[in-house]
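Under my numbering, think of the first position of the sequence shown as 1, with each following residue one higher.
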Amino acid sequence: MRVLLVGAGGVGTAITRIAARRSFFDHMVVTDYDLSRAEAAVAALGEGGARFSALRVDASDRAAVTALIAEQRCDILVNATDPRFVMPLFDAALAAGVDYLDMAMSLSSPHPERPYEECGIKLGDGQFERAAAWEEAGRLALVGVGVEPGLSDVFARYAADELFDQIEEIGVRDGANLTVEGYDFAPSFSIWTTIEECLNPPVIWEKDRGWFTTAPFSEPEVFDFPEGIGPVECVNVEHEEVLLIPRWVESRRVTFKYGLGEEFIETLKTLHRLGLDRTDEVTVPGGAVSPRDVVAACLPDPASLGELMRGKTCAGTWVKGTKDGAPREVYLYHVVDNQWSMREYGSQAVVWQTAINPVIALELVAGGVWSGTGVLGAEALDPRPFLDLLVEYGSPWGLREQ
1 MRVLLVGAGG VGTAITRIAA RRSFFDHMVV TDYDLSRAEA AVAALGEGGA RFSALRVDAS
61 DRAAVTALIA EQRCDILVNA TDPRFVMPLF DAALAAGVDY LDMAMSLSSP HPERPYEECG
121 IKLGDGQFER AAAWEEAGRL ALVGVGVEPG LSDVFARYAA DELFDQIEEI GVRDGANLTV
181 EGYDFAPSFS IWTTIEECLN PPVIWEKDRG WFTTAPFSEP EVFDFPEGIG PVECVNVEHE
241 EVLLIPRWVE SRRVTFKYGL GEEFIETLKT LHRLGLDRTD EVTVPGGAVS PRDVVAACLP
301 DPASLGELMR GKTCAGTWVK GTKDGAPREV YLYHVVDNQW SMREYGSQAV VWQTAINPVI
361 ALELVAGGVW SGTGVLGAEA LDPRPFLDLL VEYGSPWGLR EQ
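Right, here's the structure in full:
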């Protein structure tokens with residue numbers, strides 16, 4: 001397998017560090033709009049970088065990406081960019097006749113009149129509209145395969161297959177006790193993506209109602225996270241799992257809640273009030289800029305914060321239902337300690353936890369364990385091989401009876 005990796009930021013770099021320890025692929029071409037970032041990711045591998053090379057590509061240029069896939073004889077494109085570039089990369093892979101994998105899906109757009117009641121364009125709609133073309137081409141687009149979405153969806157499918165006879169609710173719950181020394185506000189993941197998912201109307205799915213929306217930060221609940229993280233207040237946030245899980249897993253309700261904290265929520269609300277969450281350009285002396293890009297440029301690169309971070313991050317899926325006629329409630333989870341991920345891989349916990357999952361998916365696809373055609377989420381495929389590889393990679397998952 002020859003892999004084209006587009007995006008050499010925090011997650012992309014972590015992908016190279018994890019993949020370098022595995023033998024399932026022949027070569028990985030690491031690309032970025034900024035060639036120096038791609039070169040730095042490869043150089044950091046040292047002697048382990050023999051199967052890697054660095055090139056420049058503009059992720060928004062579908063034709064250039066399509067040509068690069070052919071030139072480099074790649075079999076699959078891995079998208080490690082932010083969601084703005086999903087569709088050009090998704091379409092480039094299809095045009096080139098290769099498989100595709102991403103960790104975030106095509107962007108949503110709120111309902112123009114009733115944004116907090118009805119869905120407009122949903123996350124992933126742009127990709128699912130092209131599913132028939134992928135099926136006709138006999139190619140696989142494996143979408144939303146990071147940690148959330150991704151591992152959380154694997155947990156949902158595993159619960160349905162092995163832990164429950166009937167499921168009442170599946171709720172993805174994400175929390176952490178991470179701190180960053182020396183910063184009052186320093187997000188541990190892309191602020192561009194965080195603004196997008198936290199300020200858009202959250203989506204909920206119910207079997208009798210379908211998909212609908214609610215207000216940002218709604219339905220707060222305190223969830224007790226494992227391995228010393230403890231209780232964290234979580235709120236509804238727009239996320240791909242709610243759009244993916246109901247397509248393949250039977251449940252009466254699906255939600256996603258994120259442990260943001262009051263200070264983080266207030267900061268996001270302030271950015272919104274000031275219009276600094278906008279992506280359309282505004283005119284300033286000297287040119288035009290996107291306010292959200294300015295916010296991102298003013299904050300530290302999350303990938304650079306690892307040495308200053310302390311604590312753990314937890315991604316997991318809470319499931320409630322019945323087994324053998326008795327009520328059951330479980331939390332399937334994956335915890336990463338930042339000191340461990342920095343020591344072992346030189347990557348901070350949040351980006352490392354995201355990156356390990358597409359590498360595992362790649363290995364399953366390369367070995368023919370995961371296969372299919374069309375646009376599929378992780379919950380469409382067998383979860384057990386994925387979870388077994390997660391343990392083999394040295395990062396075990398857990399199950400807690402609630």
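No residue lacks a Cβ here, since even glycine has one placed at the ideal position from N, Cα and C.
Since the model is a prediction, treat every value here as computed from it, not as a measurement.
If I measure Cβ to Cβ from L308 and keep anything under 7 angstroms in the same chain, skipping five residues before and after, which residues do I get? Your numbering for residue 308 matches position 308 in the sequence shown. Counting only Cβ-Cβ distances below 7 angstroms, and skipping sequence neighbours, we find V180, E181 and G182.
Considering Cα atoms alone, identify which of A44, D102, V369 and L305 is closest to F185. Reading the sequence shown from its first residue, position 185 is the one you call residue 185. Closest by alpha carbon: L305.
Going by alpha carbons, who is nearest to P302 out of W192, L199 and I360? Your numbering for residue 302 matches position 302 in the sequence shown. Considering only alpha carbons, the answer is W192.
Drop a sphere of 10 angstroms on the beta-carbon of S106, count the other beta-carbons inside from all chains shown, and report buried for 16 or more, exposed for fewer. As a first step, residue 106 is located in the sequence shown; it is residue number 106 there, counting from the start. Result: buried.
Under three-state DSSP, which class holds K257? What you label residue 257 is simply residue 257 of the sequence shown in a count that begins at 1. K257 falls in the strand class under three-state DSSP.
Counterpart residues of E401 in DSSP-defined beta bridges: Here residue 401 is taken as the residue at index 401 of the sequence shown, counted from 1. Paired residue(s): V330.
Closer than 7 angstroms: is that where the CB of H27 sits relative to any heavy atom of the ligand GTP? Among the ligands in the structure shown, none appear at all, so the ligand GTP cannot be discussed.
Please confirm whether R22 and P383 have their CB atoms less than 8 angstroms apart. Residue mapping note: residue 22 aligns to position 22 of the sequence shown, counting from 1. Residue mapping note: residue 383 aligns to position 383 of the sequence shown, counting from 1. No, the pair does not count as a contact, with Cβ atoms beyond the cut-off.
For my contact list, L101 and A361 are in at a C-beta cut-off of 8 angstroms; report their separation, rounded to the angstrom. Here residue 101 refers to the residue found at position 101 when the sequence shown is read from its first residue. Here residue 361 refers to the residue found at position 361 when the sequence shown is read from its first residue. That belief holds up - the Cβ atoms of L101 and A361 are roughly 6 angstroms apart, short of 8 angstroms.
Is W318 close to chain D, meaning its C-beta is less than 8 angstroms from at least one C-beta of that chain? The question asks about chain D, but that chain is absent: this structure has only one protein chain.
Who are the near neighbours of V350 in its chain, counting only those whose CB is closer than 6 angstroms to its CB and skipping five residues on each side? If you number the sequence shown from 1, residue 350 lands on position 350. Hits under 6 angstroms: S188, F189 and T313.
With distance defined between alpha-carbon atoms, name the residue in R114, A38 and P220 nearest to D174. Against the sequence shown, residue 174 aligns to sequence position 174. Of the candidates R114, A38 and P220, the one whose C-alpha sits nearest the C-alpha of D174 is P220.
According to DSSP, A141 sits in a beta bridge with which residue or residues? One-based indexing of the sequence shown puts residue 141 at position 141. Paired residues: Y100 and V375.
Outcome for V336 when other beta-carbon atoms lying within 10 angstroms are tallied against a minimum of 16: To locate residue 336, count along the sequence shown from 1; it is residue 336. It counts as buried.
Cβ separation of A96 and T66, assumed to be a contact under 8 angstroms, to the nearest whole Å: Sequence index remark: in the sequence shown, residue 96 carries index 96 (1-based). Sequence index remark: in the sequence shown, residue 66 carries index 66 (1-based). Contact flag correct, Cβ pair sits at about 5 angstroms.
If you reduce the DSSP assignment to three classes, tell me which class A160 lands in. Position 160 of the sequence shown, counted from the start, is the residue given in the question as residue 160. If DSSP states are grouped into helix, strand and coil, A160 belongs with the helices.
CB-CB under 6 angstroms to K122, same chain, minus the five flanking residues each way: which ones, in chain order? Position 122 of the sequence shown holds residue 122. Cβ neighbours of K122 beyond the five flanking positions: S108 and L243.
Can you tell me where the alpha helix (DSSP H) holding E168 begins and where it ends? Taking the first residue of the sequence shown as 1, we reach residue 168 at position 168. Taken as a continuous stretch (DSSP letters only), E168 belongs to no alpha helix (DSSP H), being part of the beta strand (DSSP E) at Q166 to A176.
Only counting the same chain, and skipping five residues up and downstream in sequence, which positions put a Cβ closer than 6 angstroms to that of R252? The sequence position of residue 252 within the sequence shown is 252, counting from 1. Cβ within range, chain order: E168 and K207.
Backbone CA spacing between R273 and R2 [nearest angstrom]: The residue given as residue 273 occupies position 273 in the sequence shown. The residue given as residue 2 occupies position 2 in the sequence shown. Going from the Cα of R273 to the Cα of R2 covers about 46 angstroms.
Can you grab the Cα-Cα spacing for the pair E196 / Y258, in whole Å? Looking up residue 196 in the sequence shown gives position 196. Looking up residue 258 in the sequence shown gives position 258. Approximately 14 angstroms, taken between the alpha carbons.
Rounded to whole angstroms, how far is the Cβ of L178 from the Cβ of N338, which I believe are closer than 8 angstroms? Reading the sequence shown from its first residue, position 178 is the one you call residue 178. Reading the sequence shown from its first residue, position 338 is the one you call residue 338. Confirmed, about 6 angstroms.
Ends of the alpha helix (DSSP H) at H27? Counting from one through the sequence shown, the residue named residue 27 turns up at place 27. Careful: H27 lies outside any alpha helix (DSSP H), inside the beta strand (DSSP E) at H27 to D32.
Contacting residues, own chain, Cβ-Cβ under 6 angstroms from A141 (five flanking each side not counted): Mapped onto the sequence shown, residue 141 falls at position 141. Cβ neighbours of A141 beyond the five flanking positions: Y100, W134 and V375.
What do you reckon, are the CB atoms on L332 and L399 nearer than 8 angstroms? Here residue 332 is taken as the residue at index 332 of the sequence shown, counted from 1. Here residue 399 is taken as the residue at index 399 of the sequence shown, counted from 1. Yes, they are a contact pair.
Which of helix, strand or coil DSSP assigns to S341: Residue numbering aside, residue 341 sits at position 341 when the sequence shown is read from its first letter. DSSP places S341 in helix when its eight states are reduced to three.
Any chance the stretch 110–128 sits against the stretch 74–82, with 3 or more Cβ pairs inside 8 angstroms? no
Presumed contact (8 angstroms Cβ cut-off) between L381 and G372, rounded CB distance: As a working note, residue 381 is residue 381 in the sequence shown. As a working note, residue 372 is residue 372 in the sequence shown. Yes, they are in contact, since the Cβ atoms of L381 and G372 sit about 7 angstroms apart, within 8 angstroms.
Alpha carbon to alpha carbon, how far is D296 from L45? Your numbering for residue 296 matches position 296 in the sequence shown. Your numbering for residue 45 matches position 45 in the sequence shown. Checking the displayed sequence, the identity of residue 296 turns out to be Ala instead of Asp. Rounded to whole angstroms, A296 to L45 spans 27 angstroms at the Cα level.
Measuring only the C-alpha atoms, how far is D224 from G230? In the sequence shown, residue 224 corresponds to position 224, counting from 1. In the sequence shown, residue 230 corresponds to position 230, counting from 1. Distance between the alpha carbons of D224 and G230: 5 angstroms.
How many Å lie between F217 and T267 at the Cα? The count along the sequence shown starts at 1 and reaches residue 217 at position 217. The count along the sequence shown starts at 1 and reaches residue 267 at position 267. One C-alpha to the other measures close to 13 angstroms.
Let me confirm a value: A378 is counted as buried when at least 16 other C-beta atoms fall within 10 Å, else exposed. Which label applies? Here residue 378 refers to the residue found at position 378 when the sequence shown is read from its first residue. With 16 or more other Cβ atoms within 10 Å, it is buried.
Backbone CA spacing between G90 and Q127 [nearest angstrom]: Stepping through the sequence shown from its first residue, residue 90 is reached at position 90. Stepping through the sequence shown from its first residue, residue 127 is reached at position 127. The question names Gly, yet the displayed sequence has Phe at residue 90. Whole-angstrom Cα-Cα distance: 8 angstroms.
Beta-carbon gap between L94 and A137 smaller than 8 angstroms: Locating residue 94 in the sequence shown gives position 94, counting from the first residue. Locating residue 137 in the sequence shown gives position 137, counting from the first residue. A contact, by the Cβ cut-off of 8 angstroms.
Segments assigned alpha helix (DSSP H), at least 4 residues, entirely inside the stretch 20–73: 35–43 and 62–71
Terminal residues of the alpha helix (DSSP H) in which D125 lies: Along the sequence shown, read from residue 1 onward, the residue named residue 125 stands at position 125. Unbroken alpha helix (DSSP H) run through D125: D125 to F128.
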